[in-house]
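Please read the structure below before turning to the comments.
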Amino acid sequence: MTDTPTSPDTTAEKDTPPAVELPWADVHVEHHKMLRLAPLQTDRNTGGRPLRFVEFGYAERNDKQRSLMRMTISLPGQRVRKEQNHLDVWVDHETRRVHFGPASGLQIEPMNRGIGRFLAAQGITWAKKRWPAYTVDGSDLNNKDALNEDTRLRRDHFLRMHGFDVVYADAQHLKGSVKEVQVGDLLADWNREKLQQVEILEAAQMLQQAEQNLAEQEVKLKKHEEKVSKYKREDAGLRFTITCLVAFAVFQAGLLIWIATHR
Numbered sequence: 001m002t003d004t005p006t007s008p009d010t011t012a013e014k015d016t017p018p019a020v021e022l023p024w025a026d027v028h029v030e031h032h033k034m035l036r037l038a039p040l041q042t043d044r045n046t047g048g049r050p051l052r053f054v055e056f057g058y059a060e061r062n063d064k065q066r067s068l069m070r071m072t073i074s075l076p077g078q079r080v081r082k083e084q085n086h087l088d089v090w091v092d093h094e095t096r097r098v099h100f101g102p103a104s105g106l107q108i109e110p111m112n113r114g115i116g117r118f119l120a121a122q123g124i125t126w127a128k129k130r131w132p133a134y135t136v137d138g139s140d141l142n143n144k145d146a147l148n149e150d151t152r153l154r155r156d157h158f159l160r161m162h163g164f165d166v167v168y169a170d171a172q173h174l175k176g177s178v179k180e181v182q183v184g185d186l187l188a189d190w191n192r193e194k195l196q197q198v199e200i201l202e203a204a205q206m207l208q209q210a211e212q213n214l215a216e217q218e219v220k221l222k223k224h225e226e227k228v229s230k231y232k233r234e235d236a237g238l239r240f241t242i243t244c245l246v247a248f249a250v251f252q253a254g255l256l257i258w259i260a261t262h263r
């Protein structure tokens, strides 16, 4: 589980058992919350990071054999690929094991805004409250992520911040894996400076405050416009006075010249 584009490690395909068909394939999110992505400085890799609001949705299913928490992030006015902004937490009660999906890894858009850690924290919190003694499956990490050092470091930091142990079988840091860990040892935390949950009343207060600020700005703008109009009128009056004085001075100069030449 990472917050960078990933795909299953092809080196492990031969040893992978046939995939077990899981239930609840048609489950869609049923509960929705608003998230605020705080404005941040432009990142050299991911670009601009302005203030933005996104929707967090989730649904939960349980039976005697399995449990599921499905989470998604929706971006207003923007469509993403099916595998993006999606995280499942699967629990197998027979084997007392937990794993995160999809198999292609956690792919987030927009990146570097705290969304990946938030989703992981929600899933970990949900599992820790119910099954802290269960074991989270270990897995091999995608070799492609290790080809770019920044991507690898970001991935490893993400995993370790949630309590996963990342190890490498080679000095080049290409063959990485995540060890098994108990659910109770995971860390459910995210960067609250980057991302905050916004309740309905808070959203209403924000809109009310924004409308009040807009009204105050309109009043200030109107006062400035009145001052500008006043200055324009005064300027026009001064220009007229100066024009009259110049004309009178020219007339006086002409009159003096005429008197001097006709004596």
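If you read the sequence shown in full-length UniProt numbering, its first letter stands for residue 1, the second for the next number, and so on. Glycine residues also receive a C-beta, built at the ideal position from the N, C-alpha and C atoms.
Quiz prompt | residue 232 versus residue 45 - alpha carbon distance | solution = On the sequence shown, position 232 is the one that residue 232 refers to. On the sequence shown, position 45 is the one that residue 45 refers to. Spanning the two alpha carbons is a distance of roughly 50 Å.
Quiz item: Who are the Cβ neighbours of residue 95 in its own chain at under 8 Å, not counting the five residues just before and after it?
Solution: For this step, residue 95 is matched to residue 95 along the sequence shown. Hits under 8 Å: none found.
Practice problem: Give the single residue among 30, 118, 114 and 84 whose Cα lies nearest to the Cα of residue 103. | Solution: As a working note, residue 103 is residue 103 in the sequence shown. Residue 103 has its Cα closest to that of 84, out of 30, 118, 114 and 84.
Self-check item: residue 192 versus residue 205 - alpha carbon distance
Solution: Looking up residue 192 in the sequence shown gives position 192. Looking up residue 205 in the sequence shown gives position 205. Approximately 20 Å, taken between the alpha carbons.
Quiz prompt | For residue 150 and residue 166, believed in contact at Cβ under 8 Å, the rounded distance | solution = Here residue 166 refers to the residue found at position 166 when the sequence shown is read from its first residue. Here residue 150 refers to the residue found at position 150 when the sequence shown is read from its first residue. About 16 Å separates the two Cβ atoms, so there is no contact after all.
Quiz item: Can you find at least 3 beta carbon pairs, one from the stretch 132-152 and one from the stretch 69-85, that sit closer than 8 Å?
Solution: no
Practice problem: Take residue 267 and list the residues in its own chain whose beta-carbon comes closer than 7 Å to its own, dropping the five residues that flank it on each side. | Solution: A question about residue 267 goes unanswered here, because the residues of the chain that appear run from 1 up to 263.
Practice problem: Pull up the DSSP beta-bridge partners for residue 62, would you. | Solution: Position 62 of the sequence shown, counted from the first residue, corresponds to residue 62. In the DSSP output, where bridge partners are listed per residue, residue 62 has 67.
Quiz item: Using CA coordinates, which residue listed in 173, 177 and 57 is at the minimum distance from residue 123?
Solution: Translated into positions along the sequence shown, residue 123 becomes position 123. The option with the nearest alpha carbon to residue 123 is 57.
Quiz prompt | For residue 177, the residue or residues it bridges with in DSSP | solution = What you label residue 177 is simply residue 177 of the sequence shown in a count that begins at 1. Note: residue 177 sits in a beta bridge opposite 140 and 167.
Self-check item: N- and C-terminal bounds of the alpha helix (DSSP H) containing residue 150
Solution: Translated into positions along the sequence shown, residue 150 becomes position 150. Run containing residue 150: 149-161, per the alpha helix (DSSP H) assignment.
Quiz item: In three-state DSSP terms, what is residue 42?
Solution: Looking up residue 42 in the sequence shown gives position 42. Of the three classes helix, strand and coil, the one that applies to residue 42 here is strand, per DSSP.
Quiz item: Is it the case that the Cβ atoms of residue 114 and residue 194 are separated by a distance below 8 Å?
Solution: Here residue 114 is taken as the residue at index 114 of the sequence shown, counted from 1. Here residue 194 is taken as the residue at index 194 of the sequence shown, counted from 1. A contact, by the Cβ cut-off of 8 Å.
Quiz item: Sorted by chain position, which residues of the same chain lie with C-beta nearer than 8 Å to residue 160's C-beta, five sequence neighbours on each side aside?
Solution: One-based indexing of the sequence shown puts residue 160 at position 160. Cβ neighbours of residue 160 beyond the five flanking positions: 166.
Quiz item: If residue 37 sits next to residue 51, beta carbons under 8 Å apart, how far is it from one beta carbon to the other, in whole angstroms?
Solution: Looking up residue 37 in the sequence shown gives position 37. Looking up residue 51 in the sequence shown gives position 51. Indeed they touch by this definition, with Cβ atoms about 7 Å apart.
Quiz item: In terms of residue numbering, what span does the alpha helix (DSSP H) encompassing residue 250 cover?
Solution: For the purposes of this step, residue 250 is taken as residue 250 along the sequence shown, with counting starting at 1. Here the alpha helix (DSSP H) through residue 250 covers 200-261.
Quiz item: With which residues is residue 27 paired in a DSSP beta bridge?
Solution: Against the sequence shown, residue 27 aligns to sequence position 27. In DSSP, residue 27 forms no bridge with anything.
Practice problem: Might you give, ordered along the chain, the residues of its own chain that have their beta carbon closer than 7 Å to the beta carbon of residue 163, omitting 5 neighbours on each side? | Solution: Taking the first residue of the sequence shown as position 1, residue 163 is located at position 163. Excluding positions up to five away in sequence, the list reads 181, 185, 186 and 187.
Exercise. Give the range of the alpha helix (DSSP H) segment to which residue 131 is assigned.
Key: Here the question's residue 131 lines up with position 131 in the sequence shown. Run containing residue 131: none; DSSP gives neither H nor E here.
Practice problem: Just grab the DSSP bridge partners of residue 92 for me. | Solution: Against the sequence shown, residue 92 aligns to sequence position 92. Residue 92 pairs with 66 and 97.
Self-check item: Inter-residue spacing [alpha-carbon to alpha-carbon] between residue 41 and residue 234
Solution: Reading the sequence shown from its first residue, position 41 is the one you call residue 41. Reading the sequence shown from its first residue, position 234 is the one you call residue 234. Straight-line Cα distance between these residues: approximately 45 Å.
Practice problem: Determine, using beta carbons only, whether residue 143 and residue 119 come nearer to each other than 8 Å. | Solution: Within the sequence shown, residue 143 is the residue found at index 143, counting from 1. Within the sequence shown, residue 119 is the residue found at index 119, counting from 1. No, the pair does not count as a contact, with Cβ atoms beyond the cut-off.
Practice problem: Alpha carbon to alpha carbon, how far is residue 92 from residue 98? Give it in angstroms, no decimals. | Solution: For the purposes of this step, residue 98 is identified with residue 98 of the sequence shown, where counting begins at 1. For the purposes of this step, residue 92 is identified with residue 92 of the sequence shown, where counting begins at 1. Their backbone Cα atoms lie some 6 Å apart in a straight line.
Exercise. Would you kindly check if the distance between the Cβ of residue 190 and the Cβ of residue 117 is under 8 Å?
Key: By 1-based counting over the sequence shown, the position of residue 117 is 117. By 1-based counting over the sequence shown, the position of residue 190 is 190. Taking 8 Å as the Cβ cut-off, residue 117 and residue 190 qualify as a contacting pair.
Self-check item: First and last residue of the uninterrupted beta strand (DSSP E) at residue 49
Solution: Taking the sequence shown and counting its residues from 1, the one referred to as residue 49 is at position 49. That run of the beta strand (DSSP E) goes 47-49.
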